[in-house]
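Participant: Okay, here's the structure, questions in a sec.
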Amino acid sequence: MRKFLILLLFLISCSQTAVQVDQPTGTLITDTSFQYINTDLNQDYENFTNKKTIIVFWADY
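According to our numbering, the residues represented by the sequence shown are 11 to 71, in order.
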């Protein structure tokens with residue numbers, strides 16, 4: 011039991027931790043805007059404050 015505890019502590023101390031780095035975007039996403047990937051596979055930003063109708067097609071793979 012003692013060897014198991016020492017082995018467990020050793021494995022925990024040697025485990026790698028993943029650090030996520032958030033990269034700030036240049037545009038602010040609000041309640042009247044959204045960000046999407048266009049057909050050229052680039053991220054695009056759409057503000058629909060002054061639009062009367064918006065249709066969104068959603069595909070989640």
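From the three backbone atoms N, C-alpha and C, an ideal C-beta is built for every residue, glycine too. On a predicted model such as this, the values are computed, not experimentally measured, just so you know.
Do D54 and N48 have their C-beta atoms within less than 8 Å of each other?
Facilitator: Within the sequence shown, numbered from 1, the residue matching residue 54 stands at position 44. Within the sequence shown, numbered from 1, the residue matching residue 48 stands at position 38. N48 is positioned such that its CB atom lies closer than 8 Å to that of D54.
Participant: Quick one: give me the first and last residue of the beta strand (DSSP E) that F44 is part of.
Facilitator: By 1-based counting over the sequence shown, the position of residue 44 is 34. Run containing F44: 43-47, per the beta strand (DSSP E) assignment.
Participant: Have a look at A69 and L21 and give me their C-alpha separation to the nearest angstrom.
Facilitator: To locate residue 69, count along the sequence shown from 1; it is residue 59. To locate residue 21, count along the sequence shown from 1; it is residue 11. Taking the straight line joining both Cα atoms gives about 41 Å.
Participant: Assuming N57 and S43 make a contact with CB atoms under 8 Å, what is their CB distance in whole Å?
Facilitator: Here residue 57 is taken as the residue at index 47 of the sequence shown, counted from 1. Here residue 43 is taken as the residue at index 33 of the sequence shown, counted from 1. Right, the Cβ-Cβ distance comes to about 4 Å (below 8 Å), so this counts as a contact.
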